[in-house]
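Residue numbers for the sequence shown follow the UniProt record's numbering, beginning at 1 and rising by one. We put the beta carbon where it would ideally sit given N, CA and C, even for glycine. These notes are about the structure you will find just below.
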Amino acid sequence: MSMPKIAHVRAFTVRGGGADYHDQDDGHWIDDHIATPLARYPEYRQSRRSFGINVLGTLVVEIEASDGTVGFAVTTGGEIGAFIVEKHLARFLEGQLVTDIEKMWDLMYNGTLYYGRKGIVLNTISGVDLALWDLLGKVRKEPVFHLLGGPVRDELQFYATGARPDLAKKMGFIGGKMPLQHGPAEGEEGLRKNLAKLADMRERVGDDFWLMYDCWMSLDLRYATRFAELARPYGLKWIEEALPPDDYWGYAELRRNVPRGMWVTTGEHEATRWGFRMLLEMGCCDMIQPDVGWCGGITELIKISALADAHNALVVPHGSSVYSYHFVVTRHNSPFSEFLMMAPKADEVVPMFTPLLLDEPVPVNGRMKVPDTPGFGVRLNPDCALHRPYEH
Ligand SMILES: C[C@H](O)[C@H](O)CC(=O)C(=O)O
Ligand SMILES: [Mg+2]
1 MSMPKIAHVR AFTVRGGGAD YHDQDDGHWI DDHIATPLAR YPEYRQSRRS FGINVLGTLV
61 VEIEASDGTV GFAVTTGGEI GAFIVEKHLA RFLEGQLVTD IEKMWDLMYN GTLYYGRKGI
121 VLNTISGVDL ALWDLLGKVR KEPVFHLLGG PVRDELQFYA TGARPDLAKK MGFIGGKMPL
181 QHGPAEGEEG LRKNLAKLAD MRERVGDDFW LMYDCWMSLD LRYATRFAEL ARPYGLKWIE
241 EALPPDDYWG YAELRRNVPR GMWVTTGEHE ATRWGFRMLL EMGCCDMIQP DVGWCGGITE
301 LIKISALADA HNALVVPHGS SVYSYHFVVT RHNSPFSEFL MMAPKADEVV PMFTPLLLDE
361 PVPVNGRMKV PDTPGFGVRL NPDCALHRPY EH
């Protein structure tokens, strides 16, 4: 079969939910007094939008092949990401065979090394990489999970991230991860409130349901260690992203400090095999949580996951919707998945990247069979207005 070449690369932005899932309206649980590194400043404590958590918006990358097939992907990146795609990355893609993803990744990563390595540049490379896998799947008329070696299980099982693990339990999820709401700057009173919420939730869900706290980089080592000890009687399964992502040394110490059996997890703001190598070799965590749209895409996740496997660490991607589902179903060291509850009150299941995608699958009774439609199996919702800020 002769393979088409890449003809055109286009980048768009879109606002309101989608891949920038923090870009929500007032009253959403995801912006209701959540502990963050900026919570030491009272004026930035009540809302993450107050410090600009949603400034980027969603980046949509569209890649058209010479036979007219179009692949696309979405990630967090907005206008800056669109600039990088149109003005820099497109040159490494147009004219290449749609099969040559490894080479294109290498060109993009090394071509941006002098200003990239992590953050927005890796989000953008991830978006392009995922669009390339979508395109290849569509050209070959196969789901991406076939291209990754095929499924190792029939369906995925999910835990839910949101404000209401008690409702998540009723919806069939295996666990619930809550945002920690009060950081160290809120002192003993904040600590008591964090524990009271966990105790209340444990009471509501019973002993066997997993409960976790997501600390979104907001704690310091002393607070995190003390909190883990105090949370032990309530069966906290893991403490997530307790420290800033660059504090590998702090994570390694936290992992040594936490009560036996409690996991330390992190990695959603980490990128590339080299970033995850630091986490794994330094013994920072029990489970890594790469976001497929931020860590370097599927091409890089294959390497990150193999490295984690050799270190006996689990790989359970952060969010990432279909980009996670197609990977997780192919790997034994990814035994379950995250589902971010994007309903404002976390009281119903809606697609994670709502309203941007059509055909985006959701768990039913906490489980999902990944659809075997070509590529990642999703379409852009024509009701969401795309904007193309740059062209090359
Ligand atoms: C709930 C967390 O603060 C964040 O918004 C999402 C996240 O880190 C996660 O799903 O994990
Ligand atoms: Mg998290």
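Inset, instruction - Would you mind reading off the limits of the alpha helix (DSSP H) that contains methionine 212? - result: Here residue 212 refers to the residue found at position 212 of the sequence shown. Element bounds for methionine 212: not the alpha helix (DSSP H) but the beta strand (DSSP E), 210-214.
Legend entry - Cβ contact (3+ pairs, closer than 8 Å) linking the region 75-90 and the region 309-318: Taking 8 Å as the limit for Cβ pairs, the verdict is that the region 309-318 does not touch the region 75-90.
Legend entry - Contact set for arginine 232: own chain, Cβ-Cβ below 6 Å, skip 5 residues either direction: Looking up residue 232 in the sequence shown gives position 232. Closer than 6 Å at the Cβ level, and outside the excluded window around arginine 232, lie Pro259.
Legend entry - In chain order, each alpha helix (DSSP H) run of at least 4 residues that lies wholly inside the region 307-374: Segments of the alpha helix (DSSP H) lying fully in the region 307-374: 321-328.
Inset, instruction - Return yes when at least one heavy atom of ligand 1 lies under 7 Å from the C-beta of isoleucine 174, else no. - result: Counted from its first residue, the sequence shown places residue 174 at position 174. Every heavy atom of ligand 1 is 7 Å or more from the Cβ of isoleucine 174, so no.
Inset, instruction - Assuming threonine 58 contacts arginine 48 (C-beta within less than 8 Å), just tell me the rounded distance between them. - result: Taking the first residue of the sequence shown as 1, we reach residue 58 at position 58. Taking the first residue of the sequence shown as 1, we reach residue 48 at position 48. The Cβ separation is near 17 Å, so there is no contact.
Inset, instruction - Would you be able to state if there are at least three C-beta pairs under 8 Å between the region 65-76 and the region 134-143? - result: The answer is yes - the region 65-76 touches the region 134-143, with three or more Cβ pairs under 8 Å.
Inset, instruction - Closer than 8 Å by C-beta to lysine 237: which residues in its own chain qualify, once you throw out the five before and the five after it? Chain order, please. - result: Along the sequence shown, read from residue 1 onward, the residue named residue 237 stands at position 237. Taking lysine 237 as the centre and dropping the five residues before and after it, the same chain places the C-beta of Gly175, Trp210, Leu211, Met212, Met262, Trp263 closer than 8 Å to its C-beta, in chain order.
Legend entry - Which of helix, strand or coil DSSP assigns to tryptophan 133: Indexing the sequence shown from 1 puts residue 133 at position 133. Tryptophan 133: helix per DSSP, three-state reduction.
Legend entry - C-alpha gap between aspartate 129 and glycine 296, whole angstroms: In the sequence shown, the residue the question calls residue 129 occupies position 129. In the sequence shown, the residue the question calls residue 296 occupies position 296. So the two alpha carbons sit approximately 7 Å from each other.
Legend entry - threonine 330 beta carbon less than 8 Å from that of valine 152: Reading the sequence shown from its first residue, position 152 is the one you call residue 152. Reading the sequence shown from its first residue, position 330 is the one you call residue 330. The Cβ atoms of valine 152 and threonine 330 sit closer than 8 Å to each other.
Inset, instruction - Figure out for me which residue from Arg164, Gly190, Ala185 has the closest Cα to the Cα of glutamate 203. - result: Counting from one through the sequence shown, the residue named residue 203 turns up at place 203. When only C-alpha atoms are compared, the closest one is Arg164.
Legend entry - Cβ-Cβ separation, cysteine 215 to glutamate 240 (assumed contact under 8 Å), whole Å: Taking the sequence shown and counting its residues from 1, one reaches residue 240 at position 240. Taking the sequence shown and counting its residues from 1, one reaches residue 215 at position 215. Rounded to the nearest angstrom, the Cβ distance from glutamate 240 to cysteine 215 is 6 Å, consistent with a contact under 8 Å.
Inset, instruction - Let me know the secondary structure DSSP gives alanine 7 once reduced to three states. - result: Walking along the sequence shown from the start, residue 7 turns up at place 7. The answer is strand: DSSP assigns alanine 7 an E or B state.
Inset, instruction - Can you tell me the Cβ-Cβ gap for methionine 342 and threonine 354, rounded? I've got them flagged as a contact below 8 Å. - result: Walking along the sequence shown from the start, residue 342 turns up at place 342. Walking along the sequence shown from the start, residue 354 turns up at place 354. A Cβ-Cβ distance of about 6 Å is found for the pair methionine 342 and threonine 354, placing them in contact under the 8 Å criterion.
Inset, instruction - Within its chain, find whatever has a CB closer than 8 Å to the CB of methionine 282; leave out the 5 residues flanking it on each side and keep chain order. - result: Residue 282 sits at position 282 when you count from the first residue of the sequence shown. Answer for methionine 282: Tyr248, Trp249, Tyr251, Ala252, listed in chain order.
Inset, instruction - Using 7 Å as the cut-off, classify the Cβ of glutamate 270 as near or not near the heavy atoms of ligand 2, replying yes or no. - result: Within the sequence shown, residue 270 is the residue found at index 270, counting from 1. The answer is no for glutamate 270.
Inset, instruction - Apply the 10 Å Cβ neighbour rule to aspartate 207 and answer buried if 16 or more other Cβ atoms are within range, or exposed otherwise. - result: Within the sequence shown, residue 207 is the residue found at index 207, counting from 1. Residue environment analysis places aspartate 207 among the exposed positions, since fewer than 16 neighbouring C-beta atoms fall within 10 angstroms of its C-beta.
Legend entry - Heavy atoms of ligand 1 versus C-beta positions, residues under 7 Å: What you get when you keep residues with a C-beta closer than 7 Å to any heavy atom of ligand 1 is His22, Ile30, Ile34, Thr161, Lys177, Pro179, Asp214, Trp216, Glu240, Glu241, Glu268, Gln289, His318, Gly319, Glu338, Leu340.
Inset, instruction - Count the CB pairs spanning the region 361-371 and the region 179-190 that are closer than 8 Å, and state whether there are at least three. - result: Taking 8 Å as the limit for Cβ pairs, the verdict is that the region 179-190 does not touch the region 361-371.
Inset, instruction - Output the distance between the C-alpha atoms of aspartate 26 and arginine 45, rounded to the nearest integer angstrom. - result: Taking the first residue of the sequence shown as position 1, residue 26 is located at position 26. Taking the first residue of the sequence shown as position 1, residue 45 is located at position 45. Cα-Cα distance, rounded: 15 Å.
Inset, instruction - Identify which residue in Lys197, Met201, Leu191, Asp31 has its Cα closest to the Cα of threonine 225. - result: Start at 1 with the first residue of the sequence shown, and residue 225 comes out as number 225. The shortest Cα separation from threonine 225 among Lys197, Met201, Leu191, Asp31 belongs to Leu191.
Legend entry - Nearest to leucine 219 (by Cα), restricted to the options Gly235, Ala199, Ala242, Phe227: Here residue 219 is taken as the residue at index 219 of the sequence shown, counted from 1. Of the candidates Gly235, Ala199, Ala242, Phe227, the residue whose Cα lies closest to the Cα of leucine 219 is Ala242.
Legend entry - Residues near valine 315 by beta carbon distance below 6 Å, same chain, minus five either side: Taking the first residue of the sequence shown as 1, we reach residue 315 at position 315. Contacts found: Ile288, Ser305, Ala308, Asn333, Ser334.
Inset, instruction - Starting from isoleucine 80, follow the alpha helix (DSSP H) in both directions and report where the run begins and ends. - result: Position 80 of the sequence shown, counting from 1, holds the residue named residue 80. 78-84 is the extent of the alpha helix (DSSP H) around isoleucine 80.
Legend entry - Straight-line Cα distance separating glycine 162 from lysine 170: Indexing the sequence shown from 1 puts residue 170 at position 170. Indexing the sequence shown from 1 puts residue 162 at position 162. Whole-angstrom Cα-Cα distance: 14 Å.
Inset, instruction - Tell me, to the nearest whole angstrom, how far the beta carbon of valine 9 is from that of glutamate 142; I am working on the premise that it is less than 8 Å. - result: As a working mapping, residue 9 is identified with position 9 in the sequence shown. As a working mapping, residue 142 is identified with position 142 in the sequence shown. In fact, because the Cβ distance is near 22 Å, the residues do not count as touching under 8 Å.
Legend entry - Best match in Met3, Val121, Leu38 for proximity to phenylalanine 98 [C-alpha to C-alpha]: Working through the sequence shown from its first residue, we reach residue 98 at position 98. At residue 98 the sequence reads valine, which differs from the phenylalanine that was named. Ranked by how close their Cα comes to the Cα of valine 98, the residues Met3, Val121, Leu38 have Met3 in first place.
Inset, instruction - Could you spell out the range, first to last residue, of the beta strand (DSSP E) harbouring glycine 150? - result: For the purposes of this step, residue 150 is taken as residue 150 along the sequence shown, with counting starting at 1. Taken as a continuous stretch (DSSP letters only), glycine 150 belongs to no beta strand (DSSP E), as it is neither H nor E.
Legend entry - Cβ shell of leucine 301 (< 7 Å), same chain only, five flanking positions each side left out: Looking up residue 301 in the sequence shown gives position 301. Once the five neighbours on either side are set aside, the close Cβ partners of leucine 301 are Pro290, Val292, Cys295, Phe327.
Legend entry - Status (buried if at least 16 other CB within 10 Å, exposed otherwise) for arginine 255: Counting from 1 along the sequence shown, the entry for residue 255 is found at position 255. Taking every protein chain shown into account, the CB of arginine 255 has 16 or more other CB atoms within 10 angstroms, so this residue is buried.
Legend entry - Within 8 Å, strictly: CB atoms of threonine 124 and valine 85: Position 124 of the sequence shown, counted from the start, is the residue given in the question as residue 124. Position 85 of the sequence shown, counted from the start, is the residue given in the question as residue 85. It is a contact, given that the beta carbons lie within the stated cut-off.
Inset, instruction - Decide if histidine 318 is buried, meaning its Cβ has at least 16 other Cβ atoms within 10 Å, or exposed. - result: Position 318 of the sequence shown holds residue 318. Label assigned to histidine 318: buried.
Legend entry - CA-to-CA distance, leucine 380 to leucine 357, given in whole angstroms: On the sequence shown, position 357 is the one that residue 357 refers to. On the sequence shown, position 380 is the one that residue 380 refers to. Cα to Cα, leucine 357 sits roughly 5 Å from leucine 380.
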